[in-house]
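First to last, the protein sequences are chains L and X.
Residues in the first sequence are numbered from 83 upward in steps of one, following our numbering.
Residues in the second sequence are numbered from 12 upward in steps of one, following our numbering.
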Amino acid sequence: MELTKNITLGVYLPGETVIHRLDPRTKIIIASVLIILLLMIKSYPAYAVILTFLSAVIFMSGIPLSYALCGLKPMLPVLILMWVFQLFLYSNPDSKVIFSFWIFTATDSGMHMGNLISLRVIFLFTVTTILTLTTSMVSLTDGLESLLNPLRKFGLPIQELVMTMVIALRFVLILAEELDKIVKAQMARGVAFDRGNFIQKTKKLFPVFLPLFINAFKRAEELIVAMEARSYTGGKGRTKMKTLQMSRVDLGAGFVMLIFSAIVVLLIITIKPQI
Amino acid sequence: MPLSKLTACAMFVALIAVLAQIAIPLPFSPVPFTGQVVGVLLAGTLLGPRSGLLTITAYLLLGAAGAPVFSLARGGIYMLTGPTGGYLWGFIPAVLITGLLMKKFQTTRYRYNAAALFPAIFIIYLSGALQLGCLMQYSIKQVLLVGVLPFIPFDIIKIFLAAALSVQIKKSLQHNGLGHILN
Numbered sequence: 083m084e085l086t087k088n089i090t091l092g093v094y095l096p097g098e099t100v101i102h103r104l105d106p107r108t109k110i111i112i113a114s115v116l117i118i119l120l121l122m123i124k125s126y127p128a129y130a131v132i133l134t135f136l137s138a139v140i141f142m143s144g145i146p147l148s149y150a151l152c153g154l155k156p157m158l159p160v161l162i163l164m165w166v167f168q169l170f171l172y173s174n175p176d177s178k179v180i181f182s183f184w185i186f187t188a189t190d191s192g193m194h195m196g197n198l199i200s201l202r203v204i205f206l207f208t209v210t211t212i213l214t215l216t217t218s219m220v221s222l223t224d225g226l227e228s229l230l231n232p233l234r235k236f237g238l239p240i241q242e243l244v245m246t247m248v249i250a251l252r253f254v255l256i257l258a259e260e261l262d263k264i265v266k267a268q269m270a271r272g273v274a275f276d277r278g279n280f281i282q283k284t285k286k287l288f289p290v291f292l293p294l295f296i297n298a299f300k301r302a303e304e305l306i307v308a309m310e311a312r313s314y315t316g317g318k319g320r321t322k323m324k325t326l327q328m329s330r331v332d333l334g335a336g337f338v339m340l341i342f343s344a345i346v347v348l349l350i351i352t353i354k355p356q357i
Numbered sequence: 012m013p014l015s016k017l018t019a020c021a022m023f024v025a026l027i028a029v030l031a032q033i034a035i036p037l038p039f040s041p042v043p044f045t046g047q048v049v050g051v052l053l054a055g056t057l058l059g060p061r062s063g064l065l066t067i068t069a070y071l072l073l074g075a076a077g078a079p080v081f082s083l084a085r086g087g088i089y090m091l092t093g094p095t096g097g098y099l100w101g102f103i104p105a106v107l108i109t110g111l112l113m114k115k116f117q118t119t120r121y122r123y124n125a126a127a128l129f130p131a132i133f134i135i136y137l138s139g140a141l142q143l144g145c146l147m148q149y150s151i152k153q154v155l156l157v158g159v160l161p162f163i164p165f166d167i168i169k170i171f172l173a174a175a176l177s178v179q180i181k182k183s184l185q186h187n188g189l190g191h192i193l194n
């Protein structure tokens with residue numbers, strides 16, 4: 083059994099740049115528009131435009147390039163596998179054959195398909211990374227709550243949802259530590275997690291999961307008492323310590339984004355797709 | 012929604028996030044066996060439809076916002092919009108149907124727990140296969156080969172593990188005087 087140890091919550095690089103100062107709502111909306119655009123793009127020139135835009139944003143936000151891209155490293159094997167899959171599996175009738183051996187045939191349309199999908203993955207990843215690197219987790223959840231607020235009219239519990247997320251964030255690391263302790267305690271009692279076949283290994287998860295759940299609910303009970311003692315009622319009438327406010331910077335960012343999306347949409351319409 | 016229920020949901024989100032980090036490597040596949048689905052299935056049987064829905068939505072949103080709560084400490088919107096995102100979207104209807112079935116059964120017996128979990132797994136596969144097939148433009152046969160068939164035995168093991176855990180957790184909570192948290 084392996085535990086992923088590198089859970090780093092909210093990798094956020096504090097800063098004072100224009101990108102950092104944008105309202106979280108503006109950033110969430112811009113990131114969503116970029117994601118939608120990326121899902122529609124099917125040609126190389128449009129990707130070049132997006133690349134220029136993202137490079138400018140990274141430069142303006144003062145994030146070191148290695149930071150923005152380091153998260154891609156664990157995804158690399160999957161990316162390469164996907165590219166090879168596309169190369170051999172995808173083909174349309176009028177595609178040229180690059181080379182072939184045994185039952186595998188690599189076509190140029192397969193290669194373009196692989197390239198475009200890999201580019202899409204890399205860019206989608208970069209967009210979300212820039213968003214989380216320049217926005218703290220608290221302002222991100224605040225922004226999300228404010229954006230989702232209109233849905234409350236339909237009876238959706240938005241306030242509860244955001245509160246759940248904030249509490250959960252606090253407890254992920256605590257429970258991860260607890261899990262580590264339980265695993266060590268069970269090993270001290272003689273449970274050999276790395277021995278046996280697959281079924282036996284799975285059975286050994288039982289004495290780990292059960293105490294984890296019971297301990298988690300004990301902590302929940304303590305939290306409930308603490309919150310009730312402070313008269314937390316949530317929902318209606320709750321005010322915030324920091325309220326979000328749009329500024330001129332957000333207006334400017336929205337304007338730039340509007341022009342940029344128009345250019346990209348124009349490119350998507352006019353340029354013939356590669357595949 | 013009462014405060015106790017809300018806190019239980021939040022704790023469950025954290026639990027699913029932590030369970031997703033437990034991985035048993037499989038010899039033949041780059042995708043390891045993780046506890047993520049076990050956590051999701053338990054949310055369905057233990058919390059009921061309404062709270063389960065809140066839990067999963069909060070979990071997915073947290074992951075989408077970039078917190079590394081998905082399996083192998085991954086996170087980000089891409090996990091939901093990418094080729095394997097359908098398996099995550101499927102958690103929402105899966106929890107809903109498990110919760111509703113458990114509500115209908117009105118029992119905590121092992122057999123009924125397991126029975127309520129099979130449709131959940133089926134829905135997760137269905138939604139996962141749909142998104143995988145549409146985004147990668149695979150045929151139905153390719154989707155089955157890449158995204159469904161290799162994982163079925165493991166998911167059946169997960170169902171039995173989750174059902175057994177669900178019975179035992181309820182018993183232990185009652186024993187510790189914490190039974191009211193889930194109700």
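Cβ coordinates follow ideal geometry from the N, Cα and C atoms, glycine included.
Note that this is a predicted model, so its numbers are computed, not measured.
Query	Result
Under the three-state DSSP convention, the category S137 (chain L) falls into	helix
Span separating the alpha-carbon of T118 (chain X) from that of K286 (chain L)	27 Å
DSSP bridge partner residues for R85 (chain X) (one or two, in chain order)	X:F81
For L229 (chain L) and A69 (chain X), the rounded distance between their alpha carbons	15 Å
Chain-ordered residues of the region 131-150 of chain L with a beta carbon less than 8 Å from chain X	none
Those runs of the alpha helix (DSSP H) which lie wholly inside the region 232-303 of chain L and span at least 4 residues	240-270 and 280-285
C-alpha gap between Q142 (chain X) and S62 (chain X), whole angstroms	26 Å
From X:I151, X:V154, X:N187 and X:A173, residue whose alpha carbon lies closest to that of Q47 (chain X)	X:A173
Residues sharing a beta bridge with I35 (chain X), DSSP	X:F44
Whole-angstrom distance between F81 (chain X) and L257 (chain L), CA atom to CA atom	15 Å
Beta-carbon contacts of W100 (chain X) that lie in its chain and below 6 Å, excluding the five residues immediately before and after	S138
Boundaries of the alpha helix (DSSP H) in which A218 (chain X) is found, first to last residue	This structure does not reach residue 218 (chain X), given that chain X is present from 12 up to 194, and the question cannot be answered.
Burial state of G334 (chain L) (16 or more Cβ within 10 Å)	exposed
Where V203 (chain L) meets chain X, residues with beta-carbon distance less than 8 Å	Y89 and G93
Helix, strand or coil at I353 (chain L) [DSSP, three-state]	coil
Host alpha helix (DSSP H) of M182 (chain L) (start-end)	Inspection of the sequence shows that residue 182 (chain L) is occupied by Ser rather than by Met. No alpha helix (DSSP H) holds S182 (chain L); the beta strand (DSSP E) holding it covers V179 to F183.
Proximity test, Cβ basis, 8 Å: A140 (chain X) and chain L	no
Buried or exposed (CB count within 10 angstroms, at least 16 for buried), A31 (chain X)	buried
Boundaries (first-last residue) of the alpha helix (DSSP H) holding T208 (chain L)	D190 to T216
Cβ pair G59 (chain X), K114 (chain X) closer than 8 Å	yes
Buried or exposed (CB count within 10 angstroms, at least 16 for buried), M32 (chain L)	No information on residue 32 (chain L) is available, as it lies outside the stretch 83 to 357 that chain L covers here.
Short-range partners of chain X found in the region 239-262 of chain L, where Cβ spacing is below 7 Å	P239, E242, L243, M245, T246, M247, I249, A250, L251, F253, V254, L257, A258 and L261
A173 (chain X) Cβ short of 7 Å to the ligand HEM heavy atom set	No copy of the ligand HEM appears in this structure; indeed no ligand is present at all.
Three-pair Cβ contact test at 8 Å for the region 144-152 of chain X versus the region 160-169 of chain X	no
Chain-ordered residues of the region 280-303 of chain L with a beta carbon less than 8 Å from chain X	F280, I281, K283, T284, L287, F288, V290, F291, L292, L294, F295, I296, A298, F299, K300, R301, A302 and E303
Chain L contacts made by the region 91-122 of chain X, where a contact means CB separation under 8 Å	T92, G93 and P94
S183 (chain X): first and last residue of the uninterrupted alpha helix (DSSP H) it sits in	I163 to H186
Reference W184 (chain L), options L:F170, L:T210, L:G237 and L:I204, closest by Cα	L:F170
Residue closest to Q168 (chain L), alpha-carbon to alpha-carbon, out of L:A188, L:F181 and L:K178	L:A188
Inter-residue spacing [alpha-carbon to alpha-carbon] between L326 (chain L) and S218 (chain L)	13 Å
Segment contact flag, the region 334-343 of chain L with the region 206-222 of chain L, C-beta cutoff 8 Å, min 3 pairs	no
Test: T210 (chain L) CB closer than 8 Å to a CB of chain X	yes
Start-to-end residues for the alpha helix (DSSP H) that takes in S114 (chain L)	P106 to M122
C-beta neighbour in chain X for M309 (chain L), strict 8 Å	yes
Contact with chain X by L91 (chain L), beta-carbon distance below 8 Å	Bear in mind that a pLDDT of 49 at L91 (chain L), under 50, signals an unreliable position, so the number given afterwards is only what the model happens to contain. Closer than 8 Å: yes.
Member of X:G93, X:L57 and X:Q148 whose CA lies at the smallest distance from the CA of F295 (chain L)	X:L57
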